[in-house]
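Chemist: If you want this note's numbering, it's the 1-based position in the sequence shown plus 49.
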Amino acid sequence: MNPSEEEGTLSKRKIIELLKTKNKEEVYRLYQIADKTRKKYMGDEIHLRGIIEFSNYCRRDCLYCGLRRSNARLHRYRMTFSEIFQTALKTQTLNFKTVVLQSGEDPAYRVEDLCLLIKKIKKELHLAITLCIGERPRQEYEVMKEAGADRFLLKHETSDYPLYKRLHPDLFYEDRLKCLSWLKELGYQVGSGNMVGLPGQSVESLAEDILLFKKLDVDMVGIGPFIPHYDTPLRNTKTGSLDAVLKIIAIARIVTKNAHIPATTAVGTIDPLGRQKALQCGANVIMPNITPQKYRRDYQIYPDKICIFEDAEDCHSCIQGMVKSLGRTIASSFGHSLKKRFKNLEEKDEKNIP
Ligand code: SAH
50 MNPSEEEGTL
60 SKRKIIELLK
70 TKNKEEVYRL
80 YQIADKTRKK
90 YMGDEIHLRG
100 IIEFSNYCRR
110 DCLYCGLRRS
120 NARLHRYRMT
130 FSEIFQTALK
140 TQTLNFKTVV
150 LQSGEDPAYR
160 VEDLCLLIKK
170 IKKELHLAIT
180 LCIGERPRQE
190 YEVMKEAGAD
200 RFLLKHETSD
210 YPLYKRLHPD
220 LFYEDRLKCL
230 SWLKELGYQV
240 GSGNMVGLPG
250 QSVESLAEDI
260 LLFKKLDVDM
270 VGIGPFIPHY
280 DTPLRNTKTG
290 SLDAVLKIIA
300 IARIVTKNAH
310 IPATTAVGTI
320 DPLGRQKALQ
330 CGANVIMPNI
340 TPQKYRRDYQ
350 IYPDKICIFE
360 DAEDCHSCIQ
370 GMVKSLGRTI
380 ASSFGHSLKK
390 RFKNLEEKDE
400 KNIP
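(1) Give me whichever residues DSSP pairs with residue 151 in a beta bridge.
(2) Going straight from the alpha carbon of residue 303 to that of residue 79, what length do you get?
(3) Relative to the ligand SAH, is the shortest distance from any of its heavy atoms to the C-beta of residue 276 smaller than 8 Å?
(4) So, using beta-carbon positions, are residue 123 and residue 280 closer together than 9 Å?
(5) Looking only at its chain, what residues have a beta carbon closer than 7 Å to the beta carbon of residue 11, apart from the 5 residues adjacent to it on each side?
(6) Just list the residues that DSSP pairs residue 206 with in beta bridges.
(7) Tell me, to the nearest whole angstrom, how far the beta carbon of residue 293 is from that of residue 245; I am working on the premise that it is less than 8 Å.
(8) In terms of DSSP beta bridges, what is residue 201 paired with?
(9) Can you tell me where the alpha helix (DSSP H) holding residue 248 begins and where it ends?
(10) So is residue 221 in contact with chain B if we call contact Cβ pairs under 9 Å?
(11) Flag this pair as yes or no: are the beta carbons of residue 230 and residue 270 separated by less than 9 Å?
(12) By Cβ distance below 7 Å, which residues in the same chain neighbour residue 91 in space, the five residues on each side in sequence not counted?
(13) Sort 278, 165 and 227 by Cα distance to residue 248 and report the nearest one.
(14) If you count every other CB in all the chains shown that lies within 10 Å of the CB of residue 99, and 16 or more means buried, which is it?
(15) Short of 8 Å in beta carbon distance, which residues of its chain neighbour residue 212, apart from the five on each side in sequence? Order them along the chain.
(16) Give the C-beta separation of residue 116 and residue 272 to the nearest angstrom, bearing in mind that I take them to be a contact with Cβ-Cβ under 8 Å.
(17) On the criterion of 16 or more Cβ atoms from any shown chain inside 10 Å, does residue 72 qualify as buried, or is it exposed?
(18) Am I right that residue 354 and residue 318 are in contact with their C-beta atoms under 8 Å? What's the rounded C-beta distance?
(19) Exposed or buried, what is residue 221 when buried is set at 16 or more other beta-carbons lying within 10 Å of its beta-carbon?
(20) How do the region 380 to 388 and the region 155 to 164 stand: do at least 3 beta-carbon pairs fall below 8 Å, yes or no?
(21) Under 8 Å: does the beta carbon of residue 238 sit that close to some heavy atom of the ligand SAH?
(22) Distance check for residue 51 and residue 133, CA to CA, integer angstroms please.
(23) In whole angstroms, what is the alpha-carbon distance linking residue 97 and residue 62?
(24) Start and end of the beta strand (DSSP E) containing residue 269?
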């Protein structure tokens, strides 16, 4: 990489070349540059975002996902609002500054009720709130933002149009992009992301994914391997490779500079040291699972997910050890977006007001 490439000006051609290379030295150099970029823009702090998987009901039928509505073998659950609040309270007790509320696309949670929950968490727990609940009408995103939600994760999954269509029988790529632009307009800190190693996914489209993160100027980027689920039509396909995921995290770090990038649970699932490796080539966030024990095993978007049997305290001490072993520290701020359009958030962080 030449100096301007190291500063983040990477052409599609160069990205493809990096994704294709098997030259160990070149790959090592890529990881080093990504790690240096992470240190320069994000520092050595790792942000912990406690994730509550509050419902595994889903109205969609995405071919890769174990929560898809056609999966009749999955035991379904919905947490009550009081259970979600109690779990968010635990997040606060563990000193996490952000709670992520994630679910399948479940319209049983009406927007009015979600707003009440968001307001209560903000008022009583002073946590930053990230939503990851799929596609909803603009007006619903708007009222949830007004209620106090700070961030929204909605991965574009793949920028390969025909592949997107094949994998999502009841979603449209245009709608996905529309939702992402609404969320941005409404003032959310927005996260997109992709899956790596989807059947039929080309290196060219992975390069497009990375360029899209840059084009959308997203605040957060979630990158994880595709892991085939035995109760889905993709049961006989291959798992995405760790090398490919790490390269994409590294290049995404270099081109997006200051986006928050998690070392995802999925990368920890395909390799016992996956999250540590991701944190050393660009990632700066971990999302510990704080879903109550009795529900965890049923939030099976993919099989063999890690941290299913541990309780939240155990996860926390494991993560503390991981962070320390990497010579990094756990952040005590909210870890809001560092993008220019949110310049006021940094002040809020300092004053400790979410
Ligand atoms: N309904 C929400 C949450 C979806 S689950 C939404 O639409 O945003 C969160 C993420 O899990 C998805 O964005 C997808 O990238 C990932 N995922 C789903 N199935 C997967 C699989 N088989 N392997 C790896 N990741 C998967």
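Don't be surprised by glycine CBs; every beta carbon is placed ideally from N, CA and C.
Modeler: With the given structure in hand:
(1) DSSP, once it has assigned bridges, lists 102 and 181 as partnering residue 151.
(2) Their backbone Cα atoms lie some 9 Å apart in a straight line.
(3) Yes, since a heavy atom of the ligand SAH falls inside the 8 Å radius drawn around the Cβ of residue 276.
(4) Between residue 123 and residue 280, the C-beta spacing is below 9 Å.
(5) The structure shown does not extend to residue 11, since the chain spans only 50 to 403, so no value can be given for it.
(6) Answer by DSSP bridge pairing, in chain order: 243.
(7) Yes, they are in contact, since the Cβ atoms of residue 293 and residue 245 sit about 5 Å apart, within 8 Å.
(8) Beta bridge pairing from DSSP links residue 201 with 180 and 239.
(9) Run containing residue 248: none; DSSP gives neither H nor E here.
(10) Protein chains in the displayed structure number just one, and chain B is not present.
(11) Pairing residue 230 with residue 270 gives a Cβ-Cβ distance that is not under 9 Å.
(12) Cβ neighbours of residue 91 beyond the five flanking positions: 307 and 333.
(13) Comparing Cα positions, the closest option is 278.
(14) In summary, residue 99 is buried, with 16 or more beta-carbon neighbours lying within 10 Å of its beta-carbon over all protein chains present.
(15) Within the same chain, residue 212 has close Cβ partners 247, 249, 250 and 254.
(16) Not confirmed; about 20 Å, so no contact.
(17) By the neighbour-count criterion, in which a residue is buried when 16 or more other Cβ atoms sit within 10 angstroms of its Cβ, residue 72 is exposed.
(18) About 6 Å; that satisfies the 8 Å criterion.
(19) Residue environment analysis places residue 221 among the exposed positions, since fewer than 16 neighbouring C-beta atoms fall within 10 angstroms of its C-beta.
(20) The region 380 to 388, when compared against the region 155 to 164, does not touch it at the 8 Å Cβ threshold.
(21) Checking every heavy atom of the ligand SAH against the Cβ of residue 238, none is found closer than 8 Å.
(22) Computed Cα separation, rounded: 49 Å.
(23) Rounded to the nearest angstrom, the two C-alpha atoms are 35 Å apart.
(24) Run containing residue 269: 269 to 274, per the beta strand (DSSP E) assignment.
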